[in-house]
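Take a look at the structure set out below.
In my numbering, the protein residues as written are 172 to 517.
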């Protein structure tokens, strides 16, 4: 019942919290009744284990146990987005998105400064508003109100491997050979065990659930003719310093025998390396905050103004704010609306 109304439902998801009336409150309420319980409740409706496995993999994108609050909604959102629009990749690589946004900003007269670490608010020039696309921890440190976000929690980390391959991934499932994204998990129980190990038991799973992407399948410009680029990541505890490469490649060999023979080169990055590259990835958490419990909805803290801070001119717009992590840009959009309202009041 939700797919025909996905466009309206998605806009309601993305609306600024508590300031915009839902466009379709009845559908949103029905969605809440289905999605707010744990995903394990929802999958009881499925008789086929393949459906349970697929849905568990959708939920696992947020790196939270399958039996957590509102995990049913998370799985439904990923499924609906896939049915309605698919999961696209940017032609030429994700850098092309940053390049396009930068070009647009420059057309409007803006400037972009890189290779400079902002350590204090005084490092920035005078302005009517400052909008930070950072973790709450970093913002609190920079702006001088670290205690404001004391209760904010970060989730497990990830271990990522980027591959250059001498040909396509030899998936045994023919459908996977043409897919941009392939989830790796034998069944829902195995996926659930991997998530629990990383998020609750403090250990790396023996059989990690993996999200893999083969962008050159849909964008041939990513690799030389006949070659492929491919990446995969699995979930590990926050700050984990081990090497998950062997476990990940064992999983790949289960579903794509001969995968290792295709590897020309690999580059690995665990939580410490990811955090060093991106300060928002605290402990390797690529969601910039645990997506579990009430923090799914109430990010970065319990407040009617999640984008505002104790400093009247400082705002936060990262995935630590509603509607949370994802390639949607709505945290920034909503934060910009919050800034505009504040400026109109002054």
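All C-beta atoms in this analysis are idealised placements derived from N, C-alpha and C, irrespective of residue type, glycine included.
Per-residue DSSP class, three states only, for residue i
i, result
"residue 328", "strand"
"residue 485", "strand"
"residue 317", "helix"
"residue 436", "strand"
"residue 467", "helix"
"residue 401", "strand"
"residue 418", "helix"
Cβ-Cβ distance between residue i and residue j below 9 angstroms
i, j, result
"residue 389", "residue 245", "no"
"residue 422", "residue 355", "yes"
"residue 302", "residue 487", "yes"
"residue 409", "residue 306", "no"
"residue 509", "residue 476", "yes"
"residue 314", "residue 179", "no"
"residue 403", "residue 383", "yes"
"residue 234", "residue 456", "yes"
"residue 441", "residue 415", "yes"
Supposed contact pair residue j and residue i - C-beta distance, whole angstroms, cut 8 angstroms
i, j, result
"residue 443", "residue 418", "Not quite, the Cβ-Cβ distance comes to about 18 angstroms (not below 8 angstroms), so this is no contact."
"residue 193", "residue 183", "5 angstroms"
"residue 220", "residue 370", "That belief does not hold up - the Cβ atoms of residue 220 and residue 370 are roughly 23 angstroms apart, past 8 angstroms."
Among the options, the one whose alpha carbon lies nearest that of residue i
i, options, result
"residue 210", "193, 195 and 236", "236"
"residue 177", "207, 229, 226 and 248", "248"
"residue 319", "309, 255, 328 and 326", "309"
"residue 339", "230, 427, 454 and 243", "427"
"residue 343", "374, 425 and 362", "425"
Start-to-end residues for the alpha helix (DSSP H) that takes in residue i
i, result
"residue 185", "177-185"
"residue 275", "266-278"
"residue 504", "501-516"
"residue 202", "196-206"
"residue 255", "242-255"
"residue 448", "442-448"
"residue 459", "Here residue 459 belongs to no alpha helix (DSSP H), and DSSP marks it neither H nor E."
Run of the beta strand (DSSP E) containing residue i, from where it starts to where it stops
i, result
"residue 301", "301-303"
"residue 357", "Note, residue 357: premise wrong, no beta strand (DSSP E); not H, not E."
"residue 234", "Per DSSP, residue 234 belongs to no beta strand (DSSP E) and is neither H nor E."
"residue 383", "381-384"
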